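Colleague: Below: one structure in structure tokens.
2 protein chains.
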Amino acid sequence: MSYESEKLAATLKAAREKKGLSQRALSAHAGVPQSHISKIESGAVNLTVSSLTAIANALDLELALVPRKAAPAVRTITRSVNDVPKATPEARKEIARLAKQLEHIQSLKIDSPVFENLQRQFREMRQFENLIRNTDTLRSIREALKAVENAGGVAALQEASKQMNSFRNALAHGIADEERTRLPRPAYRLDGDNDE
Amino acid sequence: MSYESEKLAATLKAAREKKGLSQRALSAHAGVPQSHISKIESGAVNLTVSSLTAIANALDLELALVPRKAAPAVRTITRSVNDVPKATPEARKEIARLAKQLEHIQSLKIDSPVFENLQRQFREMRQFENLIRNTDTLRSIREALKAVENAGGVAALQEASKQMNSFRNALAHGIADEERTRLPRPAYRLDGDNDE
DNA sequence: TCATATGATACATTAAAGTAGATCAAGCGC
DNA sequence: GCGCTTGATCTACTTTAATGTATCATATGA
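From first to last, the protein sequence lines stand for chains G and V.
In the numbering used here, each residue's number is its place in the first sequence (first place is 1) plus 2.
In the numbering used here, each residue's number is its place in the second sequence (first place is 1) plus 2.
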């Protein structure tokens, strides 16, 4: 396999993982067999443009032929778009758990405005999932939600909602949660779009 | 054929023509049969990445997967690099004629420093061939060179060299040759890269 | 007029991409 | 332990990309 092909395979794999898709999920979106995606990502095939574009489009990527002279600039741009901090696996896992818990509560038909509010807060929070470095709060919220089923009722919902709101605001305002837990931070940032 | 594929084919063809390569010349560089290049450019095949990269590299293009979000910026950059004024067919033709004439003179083994100088000037001039709007001077130089063979000898070479030097300098300093010859110009241009 | 270079096509052959489907081991949640 | 999902791997089959070579009509130049 050529260098170009390997890079391509790595790019596709990285893009898929960044979107949190499994090979099978991507397969469904792109209309390409999972077995083939596996082979592609391992660089075992010399794929055709149709396969490439199908998969790339499913991953919100666009195939481009850029003049060599412009290639460095394109790489810079691509990097700047890609280098948003990535959600940690733990964060994603915890968020998935929370989502499941919320689905379950919905199935209980509680139908309180408090619950609707909580769901909205959850959706808004998810937009910043990449910023989550610490899942304690999420875990705490999930604990609170468990109480809903057992005894807590709406009171537990309100407690969860309060925590969710505070957590979301913290993320939205760019207050890294390490800030509160006193973890060391990187001394620099690759992208300059940080408004602190 | 999909839209993506057609665009790809068009891009490759445009890039090849811009470089002034025939399908056969490109074939030699890229290691891909001319017949296949023809099919590719007509969008008749779903080419593989290896073919694509081979041809693209021969055309100084780089295959890239850019995030949709970054695609507009990439297009802008690419355009800015591509939109250097293109050499007119007449200019290219006249330059080819000149090159041939120079080759012929070289075969005469004149071996004068004046001729070497002339060749260097020619090479330098070619770098600006995109700026040539008017081929009168080139034709004039070629006329002068014809005299070398018949009678003129080194004197004719010197005359040609003098003209070449002046022409090259004019191009290098961005003095459009229309400026001097006062030819009628089109009232509009499709591309906006005209610096008047 | 003759020669040359161009891009488009034709043909037979080979290699491999692509599909559909099943299976496997590893990892994780319950 | 059990069930589910993950990515990797296998099979069998179909489709087609790619090659090599050759031809063709058409410009364009000598």
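Even for Gly, the Cβ is constructed at its ideal location relative to N, Cα and C.
A quick note: this is a predicted structure, and the numbers were derived from the prediction, not measured.
#1: Got a sec: which bits of the stretch 40-74 of chain V sit with their beta carbon under 7 Å from any beta carbon on chain G, in order along the chain?
#2: Counting Cβ pairs closer than 8 Å, one from the stretch 16-31 of chain G and one from the stretch 8-27 of chain V, do we hit at least three?
#3: Kindly provide the ranges of any alpha helix (DSSP H) runs that are 4 or more residues long and lie completely inside the stretch 76-144 of chain G, ordered along the chain.
#4: Can you tell which of Ala56(G), Glu43(G), Ala46(G), Ala16(G) has the C-alpha that lies nearest to the C-alpha of valine 34(G)?
#5: If I follow the unbroken beta strand (DSSP E) through leucine 49(G), where does it start and stop?
#6: Mind checking glutamine 254(G): buried by the 16 CB within 10 Å criterion, or exposed?
#7: Identify the continuous beta strand (DSSP E) that holds alanine 66(V) and give its terminal residues.
#8: Suppose you measure from the CA of leucine 10(G) to the CA of leucine 67(G); what does that come to, to the nearest Å?
#9: State yes or no: is the C-beta of serine 53(V) within less than 9 Å of the C-beta of isoleucine 42(V)?
#10: Is serine 24(G) helix, strand or coil by DSSP?
#11: Run down chain G in chain order and give the residues with a C-beta less than 8 Å from the C-beta of leucine 10(V).
#12: In chain order, what residues of the same chain have a beta carbon less than 6 Å from the beta carbon of alanine 158(V), not counting five sequence neighbours either side?
#13: Give me the Cα-Cα distance between glycine 45(G) and leucine 14(G), rounded to the nearest whole angstrom.
#14: What residues from chain G crowd round asparagine 84(V), counting only those whose CB sits closer than 7 Å?
#15: Can you tell me the Cβ-Cβ gap for leucine 61(G) and arginine 18(G), rounded? I've got them flagged as a contact below 8 Å.
#16: Determine whether the beta carbon atoms of leucine 63(G) and arginine 70(V) lie at a separation below 9 Å.
#17: How would you call arginine 81(G), buried or exposed, if buried means at least 16 neighbouring beta carbons within 10 angstroms?
#18: Does the beta carbon of threonine 13(G) sit closer than 9 Å to a beta carbon anywhere in chain V?
#19: Between the stretch 133-152 of chain G and chain V, which residues of the former have CB atoms less than 9 Å from a CB of the latter, in chain order?
#20: Quick one: which chain V residues come within Cβ less than 7 Å of valine 76(G)?
#21: Do we get a CB-CB distance below 9 Å when we pair glutamate 6(V) with the residues of chain G?
Modeller: If we stick to the structure as given:
#1: Asn48, Leu49, Thr50, Val51, Ser52, Leu54, Thr55, Ala58, Asp62, Leu63, Glu64, Leu65, Ala66, Leu67, Val68, Pro69, Arg70, Lys71, Ala72, Ala73
#2: no
#3: 91-109, 115-128
#4: Start at 1 with the first residue of the first sequence, and residue 34(G) comes out as number 32. Minimum Cα distance to valine 34(G) is reached at Ala56(G).
#5: As a position in the first sequence, residue 49(G) is number 47, starting the count at 1. Unbroken run through leucine 49(G): none, as it is neither H nor E.
#6: This structure cannot speak to residue 254(G), because chain G is shown only from 3 to 198.
#7: The residue labelled residue 66(V) in the question sits at position 64 within the second sequence. Its beta strand (DSSP E) spans residues 63-69.
#8: The residue labelled residue 10(G) in the question sits at position 8 within the first sequence. The residue labelled residue 67(G) in the question sits at position 65 within the first sequence. About 13 Å.
#9: What you label residue 53(V) is simply residue 51 of the second sequence in a count that begins at 1. What you label residue 42(V) is simply residue 40 of the second sequence in a count that begins at 1. Yes, the pair counts as a contact, with Cβ atoms nearer than the cut-off.
#10: As a working note, residue 24(G) is residue 22 in the first sequence. In the structure shown, serine 24(G) sits in coil (DSSP, three-state: anything other than H, G, I, E or B).
#11: Taking the first residue of the second sequence as position 1, residue 10(V) is located at position 8. In chain order: Val51, Leu65, Leu67.
#12: Here the question's residue 158(V) lines up with position 156 in the second sequence. If we look at alanine 158(V) and ignore the five residues flanking it on each side, its Cβ neighbours are Ala146, Ala149, Val150.
#13: Looking up residue 45(G) in the first sequence gives position 43. Looking up residue 14(G) in the first sequence gives position 12. Roughly 11 Å separates the two Cα atoms.
#14: Reading the second sequence from its first residue, position 82 is the one you call residue 84(V). The answer, in chain order, is Pro69.
#15: Residue 61(G) sits at position 59 when you count from the first residue of the first sequence. Residue 18(G) sits at position 16 when you count from the first residue of the first sequence. Going by Cβ atoms, the distance from leucine 61(G) to arginine 18(G) rounds to 6 Å, so yes, they are a contact pair.
#16: Position 61 of the first sequence holds residue 63(G). Position 68 of the second sequence holds residue 70(V). Their beta carbons are under 9 Å apart, which means leucine 63(G) touches arginine 70(V) by this criterion.
#17: As a working mapping, residue 81(G) is identified with position 79 in the first sequence. Flag for arginine 81(G) reads exposed.
#18: As a working note, residue 13(G) is residue 11 in the first sequence. It does; some Cβ of chain V falls within 9 Å.
#19: none
#20: The sequence position of residue 76(G) within the first sequence is 74, counting from 1. Here the neighbours are Ala66, Val68, Val76, Ile79.
#21: For this step, residue 6(V) is matched to residue 4 along the second sequence. Chain G contact via Cβ: present.
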